[in-house]
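Chains as they are written, first to last, in this note's numbering: chain A, 70 to 539; chain B, 33 to 174.
Think of the CB as a built atom: it goes at the ideal place given N, C-alpha and C, for glycine as much as any other residue.
These numbers were taken from a predicted model, which means no experiment stands behind them.
First the structure, in the form of structure tokens, and then the observations on it.
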Amino acid sequence: MTDFTLASSNALAILIVFGIAWILWGWYLGRNNRTIDDYALAGRNVGFAMATATAMATWITSNTTLVAPQLTYQFGVWGMLGYSMAALGLILFAPLAAKIKQLLPNGFTSGDFIYQRYGKAAWMAFMVISLCYALGWLVSLGMAGGLLLSSLSDLDYYTGMTAILVICVVYTLLGGLKAVIATDFVQSIVIIGGVVFIAWVCIDEVGFSTIHTNLTTSQPELLNLLFPAAIMFFFNNVFFGIGEIFHSNVWWSRAFAFAPSVGKKSYLTAGLLWLPIPIVTGFIALAAGSLNLSPPSADMVGPMVAAVLLGKIGAVFIFIVVFSALASSMDSLLAATSDLLTQDIAKRVFMPKASSDKLLRVNRLIIIGLGIATWCVAALKLATLGALLNFTGAFVAATIWPIVYGIYQPKLSGGYAAIAMVTGTVAGLIGYFMIGFYVAAIISCAVSLVVCRIGIVRSQSYFTWHSLKE
Amino acid sequence: MQSDNLCLTRNVFILLVGILMSSTVAHAAERSQAYSSNDGVITVPWQSDYATYNHFHILDATGSKQSTYPVIAGQGWVVSGLPNGNYDVVLSSANSERLIGNIRVEHYSLQSAFTLFAIGALMFAYLIFTLLKHQRSTSSHD
């Protein structure tokens, strides 16, 4: 036990207050949801401010608040900069969002696009990848809740994990995407204010020169620009971030939900605003050594440094900031994944003629099921957050080229798109296990590109875009 | 038949040698653990008998302290940023010291790191080119 540890009663009180506030707000926002369009896509008319806030807040997640410090602690300056390059995913998705809305004005999910553009084989490969990623991200968020609570308070890992899951499942269930977007707006303000304050205290209390001197003697590789593993990690993280955003229904459902002409501006603005945040959150991990701190698990370094700097009050503060970050991502992911399963599996495969009411009920049941599945896997605590997230990098990076070519290159056929996704994923996983988590995405993306190029060169078919408009 | 017996004898012998070797290794592991890393990151897990010590040290090959952290009951240590070399992991209290591990750090070669970096940079440039090219053609078409 350390001197900043919160008593379990205090930590429980914060959890309960927090949980009730979000759940009541979710219920209030969702009380007028009547159709599946209202519930899943917030009426398809989200304005610029809300759209930008939800895109940014969803991308500020356990990745940014816990994994960015972890990767900075492991890879130093490169880790911090490499992590911030995940903003490129949002920035490069901006033009795609506009095109997606234009190609599929009545679309619901990313699976819709893949099915109509490439057919069943590619759709099946895509769904497996998408669900593996969604579950991996959900599990990492549940784990982050548990780690956060166990590093800042006397409560154990399972209590934190259960609390974040129950809170997010209930308010997403009650409010749908409207609640998700509105809570994201508030959460993004809390998160940005919080991380800037912590970084300012870190610079003020520890100082650049102390941090630099300590790193030079104790952890010199963290300042080394020729740090091999970190150099490998840099572009891996770029492609991991791009793959996450390009394929995931979290971002596609927002592209469909945003009002016409809002998507491009919102994603671009959100990306530019997000860019410096991992540098701020990652930076504090560099102060760990100066504060005589070696975390028991690399993903706990961020909250531990912040709690040491700010004391017991700081622990409460960090708790609220990181919990907001986790909630803002988990609710989005629950909503988007349940949409994907409802539209792409339940409706397409099992009940093509289901009414809007029936689909709404199925959607809600799926949210509960996802919460339970996430709890079961997160309880096993199989890896660190960084390693778990980068495991999913092998899956998502394989979808980048099939999606880009799917939108812009009419010659790529469904067969080659499926092969690109499968071989890319397998190659990425081999890289993950043979070399390390920091090469999975880049290998997966490179193999997928080669297969797509072969497919384009050998192609005899030409896809016509108007057939995508339902 | 004889060859079968010979084969069986040989297998039993290999099994016994294996058991003997693994018990020797297990004994060694109790004394001090060997760690190796290609990225300068080492995780030292907590063990209950560490609770009697106050400090955790990483000593370099010359015996000087690379880093020192406090011992907190129930918490292991993750040490990062170590350059190439051999290190000792030592626990200390006011009147005793204990070697709990040896670390060997050998970073990946810069050649392999830059090869992967170059592949990433080229692929990224090509992605930007693809998006810009089609974006322009879409705009002019519209």
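Distance from A:G95 to A:L243 at the Cβ level is roughly 4 Å; contact confirmed, criterion being Cβ atoms closer than 8 Å. Taking the C-beta atoms as reference points, A:L159 is found no nearer than 8 Å to A:L395. For chain B, the residues of the segment 136-158 of chain A that bring a beta carbon within less than 7 Å of one of its beta carbons are Y142, Q143 and G145, in chain order. In this structure the segment 136-156 of chain A lies against the segment 108-121 of chain B, because at least three pairs of beta carbons, one per stretch, are closer than 8 Å. Distance between B:A126 and A:L360, taken at the CA atoms: about 22 Å.
Bridge partners of B:N134 according to DSSP: B:A66 and B:D120. C-alpha of B:N70 to C-alpha of A:T141: approximately 16 Å in a straight line.
Close partners of A:S366 in chain B (Cβ separation under 7 Å): V110. Contact annotation for A:C514 against chain B: M155 [CB-CB distance below 7 Å, chain order].
Using a Cβ-Cβ distance cut-off of 8 Å, the segment 421-441 of chain A and the segment 241-261 of chain A are in contact, since at least three pairs of beta carbons, one from each stretch, lie closer than that value. When beta bridges are read from the DSSP output, A:S209 appears opposite no residue.
Between B:T100 and B:F88, the gap from beta carbon to beta carbon is short of 8 Å. Residue contact check for A:V508 against chain B: a CB pair falls below 8 Å.
Counting the other CB atoms within 10 Å of its CB gives A:L295 a total below 16, which places it among the exposed residues. When the alpha-carbon of A:S335 is set against those of A:W320, A:A356 and A:P347, the nearest one is in A:W320.
Annotation: A:T178 is outside any alpha helix (DSSP H) and is labelled neither H nor E by DSSP. Taking 9 Å as the Cβ-Cβ cut-off, the segment 471-488 of chain A approaches chain B at V473, Y474, I476, Y477 and Q478, given in chain order. Under a criterion of Cβ atoms nearer than 7 Å, no residue of chain A is adjacent to B:S64; the nearest Cβ is some 19 Å distant. Scanning chain A for C-beta atoms nearer than 8 Å to the C-beta of B:V73 yields Q143 and A367, reported in chain order.
By the rule that beta-carbons nearer than 8 Å mark a contact, A:N459 does not touch chain B. Closer than 8 Å to the CB of A:I353 there is not a single CB belonging to chain B.
Cβ atoms of A:A190 and A:A487 come within 8 Å of each other, at about 4 Å.
Using a Cβ-Cβ distance cut-off of 8 Å, the segment 464-472 of chain A and the segment 505-519 of chain A are in contact, since at least three pairs of beta carbons, one from each stretch, lie closer than that value. For A:I160, not one C-beta of chain B is nearer than 8 Å to its own C-beta.
Separation of B:H166 and B:S68 (C-alpha to C-alpha, rounded to the nearest whole angstrom) is 48 Å. Setting aside the 5 residues that flank it on each side, A:P329 is surrounded in the same chain by K170, each with a C-beta closer than 7 Å to its C-beta; the list follows chain order. In this chain, the alpha helix (DSSP H) harbouring A:P138 covers A137 to S153. The continuous beta strand (DSSP E) containing B:K97 extends over residues K97 to P102.
In chain B, no part has a C-beta under 8 Å from the C-beta of A:F117; the shortest such distance is about 21 Å. Short of 6 Å from the beta carbon of B:I135, and not among the five residues preceding or following it, lie these beta carbons of its own chain, in chain order: Y67, I74 and Y119.
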